[in-house]
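Protein chains in written order, with my numbering: chain W, 1 to 101; chain E, 1001 to 1101. Structure first, then comments.
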DNA sequence: AAGAAATATGAAATATAATTCATATGAGTT
DNA sequence: AACTCATATGAATTATATTTCATATTTCTT
């Protein structure tokens, strides 16, 4: 696969807001407004983030009335995040960066 | 796990040069100079990238004579990259971004 | 069809990350 | 200890990504 593809995909996971959105969508499907409320970040910002997640099929969406409901592509994303958790436990017991923030 | 941790980890995979390095190290362990030659990017640039990969334990290193030999942490990285390949085949048959570059 | 609610989009401003260049450090050699 | 080769590091520059703000679309409601 091209380096560019990885780049585009992982850029989404390298962004705290996008990870935050993913984490909200783990709990269940949500509209943009619900995400705005739950995360406390302004709407256009959330929309931009969603559009980037959508373009890699990390999330999908469907229209419901006036709203657009977003769902997480759990099949791909959950195992990847789980792997990183495992990696961290195994290899990053006392990494420096864990101390920040 | 903290959003910050994901951020730090995935930033490495969201960078074409770092992915390039990972891809070289798949083939086998290499010194900095070997990477410089094989990738054709200047030394300090490679070193900066390696330092960032090292800090997440995506690569490890050991000294051998004057050189420092880098190895890929295959246990974590190979399955993750494989997953993305699979994700792309399954969900991104005609994504727009694939047309670029 | 006019208005309102929900979301998306574009462009400018800002923040963050990558690259470059000069130089430091460290390990082997003479 | 001085020299050389290999690598690392810091700071400035440059490139890239994110945020913000204004506004456009879309769909429902009346």
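All C-beta atoms, glycine included, are put in the ideal place defined by N, C-alpha and C.
* With a CB to CB cut of under 7 Å and the five nearest residues on each side skipped, what residues in its chain are close to residue 8 of chain W? -> 56
* Asked: Which residue's Cα is closest to the Cα of residue 16 of chain W: E/1010, E/1019 and E/1016?
  -> E/1010
* Asked: Skipping 5 residues on each side, what residues in its chain have a beta carbon closer than 8 Å to that of residue 1036 of chain E?
  -> 1042, 1043 and 1046
* Asked: Under the rule that 16 or more other beta-carbon atoms within 10 Å means buried, what is residue 82 of chain W, buried or exposed?
  -> exposed
* Thinking C-beta only, is residue 53 of chain W closer than 9 Å to residue 80 of chain W? -> no
* To do: Spell out whether any CB of chain W is found under 9 Å from the CB atom of residue 1098 of chain E.
  => Confidence is the limiting factor: at residue 1098 of chain E the pLDDT is only 45, short of 50, which leaves the residue's position unreliable, though a coordinate-based value still follows. Yes, residue 1098 of chain E lies at the interface with chain W (some Cβ there is under 9 Å from its Cβ).
* Between residue 4 of chain W and chain E, is there a C-beta pair that is closer than 9 Å? -> yes
* To do: Output, in chain order, the set of chain W residues within a Cβ distance shorter than 7 Å of residue 1013 of chain E.
  => 6 and 10
* **Element boundaries [beta strand (DSSP E), containing residue 59 of chain W]** => 59 to 64
* Can you give the Cα-Cα distance for residue 1048 of chain E and residue 1077 of chain E, rounded to whole angstroms? -> 19 Å
* **Assigned secondary structure, residue 1030 of chain E (DSSP; H/G/I helix, E/B strand, else coil)** => strand
* Comparing the CB of residue 69 of chain W with every heavy atom of the ligand MG, is any distance shorter than 8 Å? -> With respect to small molecules bound, the structure shown includes none, and the ligand MG cannot be examined in it.
* Should residue 1048 of chain E be flagged as near chain W, meaning a C-beta pair shorter than 9 Å? -> no
* Asked: Which stretch, first to last residue, makes up the alpha helix (DSSP H) that contains residue 1051 of chain E?
  -> 1043 to 1055
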